[in-house]
Structure formats: structure tokens, C-alpha cells
Amino acid sequence: MSPRPDLGPKPKLAYAASQIERASERRTDEAFLRALMADARAGAYAVAGEMVVLKAGDGIHDPLFRLDEVAGLGTQTETVFLGLIDGAGRFGIGLDPGVVEPLKAQNRFVVTDLRSIAVQGLVAQDHLPPIAEAKALLHWHARHRFCANCGAPSRVVESGWRRDCPACKAQHFPRTDPVVIMLAIDGERCLLGRQTRFVTGMWSCLAGFVEPGETIEEAVRRETREEAGIACGRVSYFATQPWPFPMSLMIGCHAEALSSEITIDRSELEDARWFDREEAALMLLRRHPERRGTPPPVAIAYHIIRAWVEDGDRVLR
Ligand SMILES: [Zn+2]
Numbered sequence: 005m006s007p008r009p010d011l012g013p014k015p016k017l018a019y020a021a022s023q024i025e026r027a028s029e030r031r032t033d034e035a036f037l038r039a040l041m042a043d044a045r046a047g048a049y050a051v052a053g054e055m056v057v058l059k060a061g062d063g064i065h066d067p068l069f070r071l072d073e074v075a076g077l078g079t080q081t082e083t084v085f086l087g088l089i090d091g092a093g094r095f096g097i098g099l100d101p102g103v104v105e106p107l108k109a110q111n112r113f114v115v116t117d118l119r120s121i122a123v124q125g126l127v128a129q130d131h132l133p134p135i136a137e138a139k140a141l142l143h144w145h146a147r148h149r150f151c152a153n154c155g156a157p158s159r160v161v162e163s164g165w166r167r168d169c170p171a172c173k174a175q176h177f178p179r180t181d182p183v184v185i186m187l188a189i190d191g192e193r194c195l196l197g198r199q200t201r202f203v204t205g206m207w208s209c210l211a212g213f214v215e216p217g218e219t220i221e222e223a224v225r226r227e228t229r230e231e232a233g234i235a236c237g238r239v240s241y242f243a244t245q246p247w248p249f250p251m252s253l254m255i256g257c258h259a260e261a262l263s264s265e266i267t268i269d270r271s272e273l274e275d276a277r278w279f280d281r282e283e284a285a286l287m288l289l290r291r292h293p294e295r296r297g298t299p300p301p302v303a304i305a306y307h308i309i310r311a312w313v314e315d316g317d318r319v320l321r
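Numbers given in our numbering equal positions in the sequence shown, counted from 1, plus 4.
Given below as C-alpha cells:
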């Protein structure tokens, strides 16, 4: 095995390691929630579709509003209870997407998407997990206003963690869609692909939704075979990352490649090829001579690739 490269300090994964105590047992406790909302320490994240509203600061911005401040931002949709930080309530408040342009016009606010906020480090890192929680949950409400069983309008209960249908009594719960994201490994090489929507020069792990009736390992093998024609054997779990675009859970894995000839599914990928560890290390370090790179450290793909570059096939346990 080639020597372990020095890639520097390990950066944090975005949207993970939430400090929020969800206090899920209090979601129906109306007196408790009223008291939390009346407390001056209560704070809310304001989300308008894909966009998040921030109070403009000097370099770093503040995403946390007092509840009365949110009222001044424009038409609200749902309010959801995210949980507690040191006993203070944290909420997500949906805003009508029509408020985005008027708010952008004001210097007091920065209105941008959550990917940019994470990649550019626009807010303190601890805010990213609760913003992700708010965004995913509010997106679910925006797309699930009607009962999937009978079509009647449903109503929000449990502080935003359930919708009930008054007509047929069905209960609907917020979804999280599992996505496998994996690095297939063939000795000293790994398989990376490019989707057409990727920025120039960026290569990443292959990924795809887990299908009903499938294990994580089966999904890893199926997606790798479908997208790149590579058969995989052993699959090792690495880590997960909440990915609120719109509401996924990325399940990071390493997989042992059993074949090496790539056949690309052009409907899924623009390109796919093998990279050796030395080249992958240069891509992680942003020092590749042809300016190829991996996704940024906010994404789990960076960490999956880095673990293999540092530890080789020891990642396959
Ligand atoms: Zn119904």
C-alpha cells in the first residue's frame, strides 16, 4: 500500500452533529410550547423554499431571528418546533417564496440557498444542522398539504411533525429518503463519476436512492453496476449525513469492486473512471495539475474519498 498522505486537519461534515435536543415528547404539550415561544431566548430560522434568510453581518451572518422579527419578514406558512438549545426553543418558520426578492433588496438581509451557506461558511457551523432540519421539514409540508389517501386538505399537528387528515383520519409523517453514496475500490484505485450538472473538474462518488425492499448493501451494488457496470462484493458502512436537498439521508459506504471494466450509463453520468490514491489525494488537496477536484468538505463524498486515500482498503472491514 502507498504511504499515508498528509491531508491536513479533518474538516467537519456539514448538517451533522446537531446540538439540538429534539424534545419530541413535548411536541403535543401546548402550554410548554406557548411558554417557549413567549421566552425572549426563543429563536427561529426563516426558510423560503430553497432559500434561507440571514441577518447580514460582517463576514459571518446570523440566521437566528426572534419570533417577532420573523413576523416582519412577510407572509408565513408553517411553524415547526425543532427542539431546544440550553432550554431555549428553536423553531423553523416557512415564508412564502414571494418574500425572497423584496428581502434580497434590503441590505439588512442575506437571502441565499443552504448549499452556498455551508460551502462558503456564511453562518456559524452549529447553525447548519437545525437549518437543515427546518428546511427539510418545511419542504415536506409545502409538498404534502393534501392527504395522499383521500385528497382532502390535511392539517399540521405535533408541532409540525405530523399531518392529519380530518376526512379519512389518515396520519402522515415527514419523510427522509435514504440515498446510498459509495466509493468502489479496486486495490489502489477508486471509482469516481461526473454528473452533467457538476461544476467543471469535479468528480465524486456514485450515488442513488435506496429502493423499496432493498438493503443498503444491495442498493450500493445495484447503483454501481447500473451507473458504471462495475460489480461489487463487500460493502462497508462509513457514516451518514442529513442532506436537506430536499430531504435525504446520505448513507456513505465503501465497496469492494469485483470487476474493472467500466460501462457508463450516460443517462446518469457524463463520465466515470478509476483514480489512483495519489491523484485522489491531489484532488482532495485542490492541487491537481489539471484542476480536477472532489466535492468540498461539507459533503460526505469528500470524507468517503479521504478515508480511502488515508487508510487504503482497510476501509473495507
Ligand atoms: Zn384523507
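Every residue gets a Cβ at the ideal spot worked out from N, C-alpha and C, and that includes glycine.
Counting only beta-carbon distances shorter than 6 Å to the non-hydrogen atoms of ligand 1, the qualifying residues in chain order are Cys-151, Asn-153, Cys-154, Ala-156, Cys-169, Ala-171, Cys-172 and Ala-174. For the options Leu-196, Val-74, Gly-164 and His-258, the alpha carbon positioned closest to that of Thr-298 is the one of Leu-196. In this structure, the beta-carbon distance from Tyr-19 to Pro-133 falls below 8 Å. Remark: three or more beta-carbon pairs, one from each stretch, lie closer than 8 Å, so the segment 113–122 and the segment 52–65 are flagged as touching. DSSP places Val-57 within a strand segment (E or B) once states are collapsed to three. In the same chain as Phe-69, and ignoring 5 residues on each side of it, the C-beta atoms closer than 6 Å to its own belong to Ala-48 and Ala-50, in chain order.
Between Arg-147 and Arg-159 the beta-carbon gap is near 16 Å, outside 8 Å, which marks them as no contact. Trp-247 is bridged by DSSP to Ser-252. Under the three-state reduction of DSSP, Asp-190 is assigned to strand.
Per DSSP, Thr-228 is one residue of the alpha helix (DSSP H) stretching across 220–232. Under the three-state reduction of DSSP, Pro-13 is assigned to coil, being neither helix nor strand. Separation of Glu-294 and Glu-283 (C-alpha to C-alpha, rounded to the nearest whole angstrom) is 10 Å. Looking at Lys-16, Leu-253 and Ala-136, the one whose alpha-carbon comes closest to that of Val-184 is Leu-253.
Membership of Ala-152 in any alpha helix (DSSP H) is not indicated, and neither H nor E is assigned to it by DSSP.
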